[in-house]
Structures are given as structure tokens and as C-alpha cells.
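Trainee: Sharing a structure with you now.
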Amino acid sequence: MSASMKRRDVVSTLLANRGDLLVVTGLGSTTWDAAAAGDHPLTFPLWGAMGNAVMVGLGLALAQPQRRVLVITGDGELLMGMGSLATAAVQQPANLSIVCIDNEHFGETGMQRTHTAHGVDLAAIAKACGIQHARVVREASELPALVTDTRTHPGLFFAQVKVVAEKLVLTLPPRDGGLLKARFRRALLGELADTQ
Amino acid sequence: MSATPVDWALAVHNTLTQAGVKMVGYVPDGGHKRLIELCHADANMKTVVMTTEEEGVGLVAGAWLGGEKSALLMQSSGVGNIINCLGMIAECRFPMVALITMRGELGEFNPWQVPMGQATREVLESMGVIVERANTAAEVEPAVNAALRLAYNSYCGVAVLISQRVIGIKSFQEQVNQ
Numbered sequence: 000m001s002a003s004m005k006r007r008d009v010v011s012t013l014l015a016n017r018g019d020l021l022v023v024t025g026l027g028s029t030t031w032d033a034a035a036a037g038d039h040p041l042t043f044p045l046w047g048a049m050g051n052a053v054m055v056g057l058g059l060a061l062a063q064p065q066r067r068v069l070v071i072t073g074d075g076e077l078l079m080g081m082g083s084l085a086t087a088a089v090q091q092p093a094n095l096s097i098v099c100i101d102n103e104h105f106g107e108t109g110m111q112r113t114h115t116a117h118g119v120d121l122a123a124i125a126k127a128c129g130i131q132h133a134r135v136v137r138e139a140s141e142l143p144a145l146v147t148d149t150r151t152h153p154g155l156f157f158a159q160v161k162v163v164a165e166k167l168v169l170t171l172p173p174r175d176g177g178l179l180k181a182r183f184r185r186a187l188l189g190e191l192a193d194t195q
Numbered sequence: 000m001s002a003t004p005v006d007w008a009l010a011v012h013n014t015l016t017q018a019g020v021k022m023v024g025y026v027p028d029g030g031h032k033r034l035i036e037l038c039h040a041d042a043n044m045k046t047v048v049m050t051t052e053e054e055g056v057g058l059v060a061g062a063w064l065g066g067e068k069s070a071l072l073m074q075s076s077g078v079g080n081i082i083n084c085l086g087m088i089a090e091c092r093f094p095m096v097a098l099i100t101m102r103g104e105l106g107e108f109n110p111w112q113v114p115m116g117q118a119t120r121e122v123l124e125s126m127g128v129i130v131e132r133a134n135t136a137a138e139v140e141p142a143v144n145a146a147l148r149l150a151y152n153s154y155c156g157v158a159v160l161i162s163q164r165v166i167g168i169k170s171f172q173e174q175v176n177q
């Protein structure tokens, strides 16, 4: 079954009217996708630490149980940190949503096919880890329900969104890690960010 | 002649609490057994078991983004699993405190532990982590206390290496019996 959705459309939809959503994106394409949707101080875009997007989101979700955290990452990035699905499932934070933008390719390194192109089913893995609400999303008509679930589903949520493999113009968020951290903390914590 | 043994795990747990650490991530090690149990028994501490030490780097980064202090517990072999992700700690100036029980030192019975144990300090320092070492049980708590202050006042990664002499594992049977 070939994918029909485009990744930038999906990520823009996930981030439109985001309210007080806290967002973590993974190296690399989902970081560019989120930047294309509009740079935001409450998005922490990973430029490195590949495989760690879910864990950054988990740490944030555990520290901020009153806020919704959305991790948007790619299939290559998630495959590198698959154990983090198990770790997140053990914790079951009620405020964490994970969306894997799955183009079945390593988009930054020459479009080699990833494991998902060979049938590895990340949603089934998430479910088997204990993320009860895990599903594959293939059609644009499913996006409104996906947006609702990522923001309000009561409990840990996972979706694997199948998208077209395409090379896109890079849209880059700020690169300076210290800046990205400091502006996120200021936007979230206010004065505490400077005094903690 | 033997002095009263120092309960370093209890002292460290108290220090973590005093410092406001609310989250502890760990990949278990025999040497951390008691401290892990103390953290699990503490209702004010979120205790996160991880599949690999690498996950801990993301965990502490996310926690700090959310305004929470954390600490990591791991074995020296786990340091080999976190190298690339330490780049995020350095680049973003995230505070990180890692308490690392040493293997592969004097008294080690498993030769496969030796290469990573001997490289642990150098690997951490190569990635910008400041390393403090505790050679005796009495030195552990002060070292952890200092590490917490340094990491959270200066926004950097600090590791406390807890000597195998403190842990005391000298044979496979001792490890099994823990």
C-alpha cells in the first residue's frame, strides 16, 4: 500500500493552533518539518542525539505532568531508539504523545530504505511494549482524529503516519543548542528558568 | 580492626533529596542495588528503568527542559553506550549528574569488563564531562554533593566514578549472591 500523505502537511496539521503543546522533534527530517511549520520557542528540535527524541519527550512529560508533550520523529530515528518505547510504556505518562512520520527511508543520508520498508511494524511494537493506543495512519481523512488524540488522549499515545518519501527544501530552526534550551525553559518556566 | 561501614547509598539518597532531585534514571548495576531500591521506595522520586544508558541522556535533558533536576545511575560499561548523546549535553549545556559504579578495575573477575572500565574516565572527559572519583565509601556522598552543585550551578555534565573497591565485587559468585 503506497503512502499518499506528504510529511510537511502532516506536521503542519499536528502543529496548527498548538495552544500550550510542548514539542520535541527528532534528527533530522521532522526537525526541518517542524521548522517549516513555524519556529516556536516551545519546540525543542534535536540536531543530534539520534534515537533520543522519545526520551527527551518522556523526561519532559514526567517533569510537566500538567502539560501535553508531543514527540514528532522519523522512522529512522525511532528505530535507533526502539527501547525508549518500552521505557516510556513502563512509565505510562498520561500526557505524552509520540508521532512517527514514517517515509520508510533514511531521508538525510541518501534515501536508503529503513526497516519499516521491509515490514517492521513500529505501531505493533509500540502496542506490544504496552502503549495501548497505538495505530497506523494512512489517509488524510484520519488527520483530524489524529490531532485530537495527540492533544487530548488520556494516556500514552502512539501513531505511525505513513508518508511519501520525498526530498524537500531544508527549513532549519536555530542551531545553537544553548539557545534552544534556554528559550524553551524561559517560555515554559518564566523567571524560574533563570533562577533555578 | 574495622570501622562502622558507611551506608553510602543512604547518604547519597538523602543528598539527592536535599538537592531537589525528583527523577532518577537507571540501568541497574549490582553496585547500585541499594540506591535503586531507596529511590523506588521514595514516593517523591520518579524512578525510570531504561533499556540502555543512552536513554538516560535524553531523560535528563527533557527533565531539565521541564524544570526538574535528575540523576543517572549506571555501570561503567554503560558509559560506552552514551558517547554520541553526550554531545547534546555539551552543545546545549544541559546539567547532568551520572553516578557510575566501576567495573574492570583491580579485582575484576570478568576480563570482558576491563577494556571499557579502563577507558571510562577518558571517554567521559573526551566528551566534555567533568569526572570526580570516590575511592572509599566515605568519599561517595561528598563527591555526589559536589557533582550536583557543579552540574546545576554551571550547566555541565558531571560524573562520579564509584570505585570497585567500594562496590566490592570480586567474583561471579559474589555478584550472583547479591
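Chains C and S, in that order, are what the protein sequence lines are. At position 190 of the first sequence (counting the first as 1) the number is 189 in numbering that gives the first Met the number 0, and the numbers step up by one without a gap. At position 163 of the second sequence (counting the first as 1) the number is 162 in numbering that gives the first Met the number 0, and the numbers step up by one without a gap. Glycine included, every Cβ here is placed at the ideal spot set by N, Cα and C. Everything numeric in this text was worked out from a predicted model, so none of it was measured.
Spell out the partners DSSP gives G73/C in its beta bridges.
Mentor: Its beta-bridge partners are I100/C.
Trainee: What's the C-alpha gap between L128/C and S96/C?
Mentor: Reading the sequence as shown, one finds Cys at residue 128/C and not Leu. One C-alpha to the other measures close to 15 Å.
Trainee: Give me the subset of the stretch 75-86 of chain S whose CB atoms are less than 8 Å from a CB atom of chain C, sorted by chain position.
Mentor: Residues passing the 8 Å Cβ filter: N83, C84 and G86.
Trainee: For A85/C, which residues in chain S fall below 8 Å Cβ to Cβ?
Mentor: Going along chain S in sequence order, the residues near A85/C (Cβ under 8 Å) are T50.
Trainee: Look up A133/S in the DSSP assignment and give the residues it is bridged to.
Mentor: Paired residues: I161/S.
Trainee: For the alpha helix (DSSP H) containing Q90/C, list its first residue and its last residue.
Mentor: Per DSSP, Q90/C belongs to the alpha helix (DSSP H) from G82 to Q90.
Trainee: Please name the residue, chosen from M4/C, K166/C and H39/C, that lies closest to F105/C on a Cα-to-Cα basis.
Mentor: If we check each option's Cα against that of F105/C, K166/C comes out closest.
Trainee: Using 8 Å as the limit for Cβ to Cβ distance, is G66/S near chain C?
Mentor: Yes, G66/S counts as interfacial toward chain C.
Trainee: Measure the CB-CB distance between V10/C and D38/C and report whether it falls below 8 Å.
Mentor: Contact flag unset, no.
Trainee: For P44/C and I71/C, what's the separation of their Cα atoms in angstroms?
Mentor: When rounded, the distance between both Cα atoms is 9 Å.
Trainee: Based on Cα-Cα distance, which residue from D41/S, P4/S and K68/S lies nearest to H12/S?
Mentor: Nearest C-alpha to H12/S: D41/S.
Trainee: Could you confirm whether any beta carbon from chain C is found closer than 8 Å to the beta carbon of L98/S?
Mentor: Judged by the 8 Å Cβ criterion, L98/S is not in contact with chain C.
Trainee: Counting C-beta neighbours from all protein chains within 10 Å, is the total for N43/S 16 or more, i.e. buried, or is it exposed?
Mentor: That one is exposed.
Trainee: Since K126/C meets chain S, which of its residues come closer than 7 Å, beta carbon to beta carbon?
Mentor: None at all; the shortest Cβ gap to chain S is about 17 Å.
Trainee: Please check if any C-beta of chain C sits within less than 8 Å of the C-beta of A158/S.
Mentor: No, its Cβ sits nowhere closer than 8 Å to a Cβ of chain C.
Trainee: Could you check how far apart the C-beta atoms of L160/S and V139/S are, in whole angstroms? I think they sit under 8 Å.
Mentor: With 8 Å as the limit, L160/S and V139/S do not qualify as a contact, their Cβ atoms being about 10 Å apart.
Trainee: Is there a Cβ of chain C sitting closer than 8 Å to that of F108/S, yes or no?
Mentor: Not closer than 8 Å to any Cβ of chain C, the Cβ of F108/S fails to qualify, so no.
Trainee: Using alpha carbons as the reference points, say which of T135/S, R92/S, P27/S and S75/S lies closest to G61/S.
Mentor: Nearest option by C-alpha distance: R92/S.
Trainee: Given this structure, state the Cα-to-Cα distance separating R150/C from L20/C, to the nearest angstrom.
Mentor: Going from the Cα of R150/C to the Cα of L20/C covers about 8 Å.
Trainee: Distance, Cα to Cα, M0/S vs L15/S?
Mentor: Note that M0/S scores a pLDDT of 47, beneath 50, so its modelled location is shaky; the value from the coordinates is reported in the next line. Taking the straight line from one Cα to the other gives about 32 Å.
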